[in-house]
Amino acid sequence: MIRASLALALCAIAACAAALDVPTPYIPSTPMNADEMLRLAGAGPRDVVYDLGSGDGRIVIAAARDYGARGVGVEIDAALVAQSVENARRAGVADRAEFRRGDVFKAELGDATVVTLYLLASLVERLKPKLLAELKPGTRIVAHDYGFADWKPDRQVTISKTFYLYVVPARIDGPWRLEAELPVGRRTYDIRFEQRYQEIRGGARVAGGYLPAFESRLSGDRISFVLVEDDVSHRYEGRVRDEVIEGIVRSGAGARLAEHRWRAVRVKDPAG
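Counting in the working numbering, the sequence shown runs from 95 upward without gaps.
Here you go:
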């Protein structure tokens with residue numbers, strides 16, 4: 095009962111701090127919550143997990159110890175950084191757990207594949223432009239309790255606490271020139287996408303009409319959509335690499351679909 099009352103009191107303090115937009119007291123994630131964040135992110139040995147506001151290092155240490163990842167913690171409190179280093183040594187993961195003293199808004203995040211956040215809503219929102227600008231498409235962000243206000247999570251899980259998973263999307267908004275080898279021969283389309291984070295819609299202009307892109311989906315750097323022409327569906331799947339998208343288009347019906355390559359190149363937007 096005492097432990098539950100203390101947890102409620104700490105949550106109340108954090109809520110007041112969020113409302114007043116003032117620094118929050120240090121409230122560590124529980125071991126279970128740290129594990130749920132890493133589990134939701136799908137962390138593994140190939141990942142580099144950054145914990146922004148890493149406190150005593152428990153999420154970074156769990157990433158290294160339990161998931162085989164390399165972890166990096168960014169924490170402004172020098173005493174907590176020192177404590178984190180010692181905790182990693184005791185856990186036997188000092189070679190895979192690094193801790194940096196610094197401001198999370200100035201940290202270099204380019205090599206992260208997973209980012210975990212247990213920060214107040216105001217700080218999470220302030221970090222969003224930096225995360226979108228610096229993180230590679232496909233990087234997973236997991237926020238504990240406080241997610242982004244206008245970015246719909248790719249997944250949301252509530253197990254004691256609420257956790258939000260965001261997959262950084264590639265930038266595909268605007269016009270593209272698409273070329274595809276189809277059963278009827280080579281086709282070229284001018285296709286345009288509109289984007290709001292991972293939610294996309296669009297279509298292709300063709301002679302005499304417009305082909306809407308059905309079932310349009312974007313997850314990290316993976317894109318898929320369907321174009322229907324002359325009563326034949328063409329199912330496009332591809333990978334975005336900067337200004338180029340390449341992949342496979344499957345055409346037809348039934349189990350025997352014709353597979354061909356397709357490629358799209360970003361073109362200058364005449365609208366500016």
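Don't be surprised by glycine CBs; every beta carbon is placed ideally from N, CA and C.
Residue j beta carbon less than 8 Å from that of residue i
i	j	result
Glu169	Gly149	yes
Gly268	Asp363	yes
Ala264	Asp315	yes
Gly332	Gly341	yes
Pro247	Leu229	no
Arg343	His354	Residue 343 is actually Val in this sequence, not Arg. Yes, these two residues count as a Cβ contact at 8 Å.
Val412	Arg234	Summary: the structure shown does not reach residue 412, with the chain confined to residues 95 through 366, and so no result is reported for it.
Phe199	Leu226	no
Trp245	Tyr291	yes
Phe193	Val208	no
Gly147	Leu213	yes
Whole-Å CB distance - residue i paired with residue j, under 8 Å assumed
i	j	result
Val154	Val143	7 Å
Pro139	Gly162	4 Å
Ala182	Pro277	No, Ala182 and Pro277 are not in contact; Cβ-Cβ is about 57 Å, not under 8 Å.
Asp145	Gly165	7 Å
Arg249	Leu132	Actually they do not touch by this definition, with Cβ atoms about 14 Å apart.
Beta-carbon contacts of residue i that lie in its chain and below 6 Å, excluding the five residues immediately before and after
i	result
Asp115	A caution first: Asp115 carries a pLDDT of 39, below 50, which makes its placement in the model unreliable, though a value can still be read off. Result list for Asp115: Ser216, in chain order.
Arg195	Ala172 and Val175
Ser318	Arg311 and Glu331
Arg350	none
Ser327	Val320
Asn127	Lys255
Phe287	Ile266, Asp267, Ile294 and Gly296
Asp160	none
Same chain only: Cβ atoms within 7 Å of residue i, ignoring 5 sequence neighbours per side
i	result
Arg281	Ala274
Tyr224	Residue identity check: residue 224 is Lys in the sequence provided, not Tyr. Correct list, in chain order: Phe199.
Buried/exposed call for residue i, threshold 16 Cβ in 10 Å
i	result
Tyr120	exposed
Asp205	exposed
Pro231	buried
Ala158	buried
Ile285	buried
Ala298	buried
Ala191	buried
Ser254	exposed
Tyr283	buried
Arg152	buried
Ala103	Summary for Ala103: the model assigns pLDDT 39, below 50, so the residue's position carries little reliability, and this model does not support an answer.
Phe308	exposed
Ala137	buried
Ala301	exposed
Val322	exposed
Gly279	exposed
Ala334	Here residue 334 is Val; the residue named in the question, Ala, does not match the sequence. Buried is the call here.
Val338	exposed
Gly186	exposed
8 Å CB neighbourhood of residue i in its chain, flanking five on each side removed
i	result
Val218	Leu211, Ala237, Tyr240, Gly241 and Phe242
Gln289	Pro263, Arg265, Ile266, Asp267 and Leu312
Gly346	Pro277, Val326, Ser327 and Ala352
Legend entry - Ranges of the alpha helix (DSSP H) found wholly within the segment 193-256, counting only runs of at least 4: Runs of the alpha helix (DSSP H) inside the segment 193-256: 215-228.
Legend entry - Within the segment 306-337, ranges of the alpha helix (DSSP H) (whole runs, at least 4 residues): none
Legend entry - 3-residue-minimum beta strand (DSSP E) runs that sit fully inside the segment 128-184, ordered along the chain: 142-146 and 164-169
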